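Visitor:
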Amino acid sequence: MPVGSTHYVADGFPDRIVATPAQDAATGFAVAWRTDASVNQPRLELVVAGNSPGVGTPRRIRASTATLASENGSSHHHRADVDGLHPDTLYAYRLPLTAYRVQGQGQGQGTWGAWNHFCTAATASTPLTLLYFGDTQNKNLSLVPRVI
Numbered sequence: 000m001p002v003g004s005t006h007y008v009a010d011g012f013p014d015r016i017v018a019t020p021a022q023d024a025a026t027g028f029a030v031a032w033r034t035d036a037s038v039n040q041p042r043l044e045l046v047v048a049g050n051s052p053g054v055g056t057p058r059r060i061r062a063s064t065a066t067l068a069s070e071n072g073s074s075h076h077h078r079a080d081v082d083g084l085h086p087d088t089l090y091a092y093r094l095p096l097t098a099y100r101v102q103g104q105g106q107g108q109g110t111w112g113a114w115n116h117f118c119t120a121a122t123a124s125t126p127l128t129l130l131y132f133g134d135t136q137n138k139n140l141s142l143v144p145r146v147i
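Under numbering that gives the first Met the number 0, residues 0 to 147 are what the sequence shown spells out, in order.
#1: Quick check on Ser-74: buried or exposed, where buried means 16 or more other Cβ atoms within 10 Å of its Cβ?
#2: Please report the distance separating the alpha-carbon of Arg-15 from that of Leu-142.
#3: Starting from Pro-144, trace the alpha helix (DSSP H) in both directions and tell me its first and last residue.
#4: Applying the criterion that 16 or more other CB atoms from any shown protein chain within 10 Å of the CB defines a buried residue, is Tyr-90 buried or exposed?
#5: With DSSP as the reference, label Gln-102 as helix, strand or coil.
#6: Terminal residues of the continuous beta strand (DSSP E) containing Pro-20?
#7: For Leu-127 and Thr-5, I'd like the C-alpha separation in whole angstroms.
#8: Among Arg-59, Thr-66, Asn-39, Ala-18, which has the Cα closest to the Cα of Val-30?
#9: Trp-111: buried (16+ other C-beta within 10 angstroms of its C-beta) or exposed?
#10: For Tyr-7, which residues does DSSP report across the bridge?
#11: Starting from Glu-44, trace the beta strand (DSSP E) both ways and give me its first and last residue.
#12: Considering only C-alpha positions, which residue in the set Arg-145, Ala-48, Gly-72 is nearest to Val-8?
#13: Can you say whether Phe-12 is buried or exposed, counting buried as having 16 or more other CB atoms within 10 angstroms of its CB?
#14: Please report how far the alpha carbon of Ala-25 lies from the alpha carbon of Trp-114, in whole angstroms.
#15: Out of Gly-55, Val-54, Glu-70, Thr-119, which has the shortest C-alpha to C-alpha gap to Val-81?
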């Protein structure tokens, strides 16, 4: 990385968001993400995804945090473990925004990011089908949604 480059520096906007199934994928999953050190109360909001724009009262899950120091400065890496879910159910989750980037400007303190979706696995007796994609490397936001 060139000296003085801030391209990969963490900020208050969650990035590197990864959702993974729990050991029992029918009843749980985890979400990990990165922010800068300004995020000191990381949490995740979760709802059952439905057909209505109203989502009801979200369940809030507090995340654990580990601090990592690198050539890009200090960053916080968070992980929220979610359990007690229903099998074969679509859920929506979102993360808080400490600073929302709008044309390079930090705005939106105290707001929430977009809803992301995650479906728990069906019970063990139900056949499982997997769809696997490799890392696209580039143009993730513009090209990947066309495939999925």
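For every residue, glycine included, the Cβ atom is placed at its ideal position computed from N, Cα and C. Quantities reported herein were computed from a predicted structural model and do not represent experimental measurements.
Guide: So, from the data block:
#1: Sequence index remark: in the sequence shown, residue 74 carries index 75 (1-based). Buried, by the Cβ-count rule.
#2: Counting from one through the sequence shown, the residue named residue 15 turns up at place 16. Counting from one through the sequence shown, the residue named residue 142 turns up at place 143. Their backbone Cα atoms lie some 18 Å apart in a straight line.
#3: Here residue 144 refers to the residue found at position 145 of the sequence shown. Where Pro-144 is concerned, the enclosing alpha helix (DSSP H) stretches over 139-146.
#4: Counting from one through the sequence shown, the residue named residue 90 turns up at place 91. Tyr-90 is buried by the Cβ-count criterion.
#5: Your numbering for residue 102 matches position 103 in the sequence shown. Because the pLDDT of Gln-102 is 49, which lies under 50, any placement of that residue in the model is unreliable, and the question is left without a value.
#6: Within the sequence shown, numbered from 1, the residue matching residue 20 stands at position 21. Segment 14-20, the beta strand (DSSP E) holding Pro-20.
#7: Working through the sequence shown from its first residue, we reach residue 127 at position 128. Working through the sequence shown from its first residue, we reach residue 5 at position 6. The straight-line gap from Cα to Cα measures roughly 43 Å.
#8: Numbered from 1 along the sequence shown, position 31 holds the residue referred to as residue 30. Out of Arg-59, Thr-66, Asn-39, Ala-18, Ala-18 has the C-alpha closest to the C-alpha of Val-30.
#9: Against the sequence shown, residue 111 aligns to sequence position 112. Trp-111 should be labelled exposed.
#10: Counting from 1 along the sequence shown, the entry for residue 7 is found at position 8. Tyr-7 is not bridged to any residue.
#11: If you number the sequence shown from 1, residue 44 lands on position 45. Looking at the DSSP string, the run of the beta strand (DSSP E) that includes Glu-44 is 42-47.
#12: Position 9 of the sequence shown, counted from the start, is the residue given in the question as residue 8. Comparing Cα positions, the closest option is Gly-72.
#13: Residue numbering aside, residue 12 sits at position 13 when the sequence shown is read from its first letter. So Phe-12 counts as buried.
#14: Translated into positions along the sequence shown, residue 25 becomes position 26. Translated into positions along the sequence shown, residue 114 becomes position 115. So the alpha carbons of these two residues sit roughly 20 Å apart.
#15: By one-based count along the sequence shown, residue 81 stands at place 82. With distances taken between Cα atoms, Val-81 lies closest to Thr-119.
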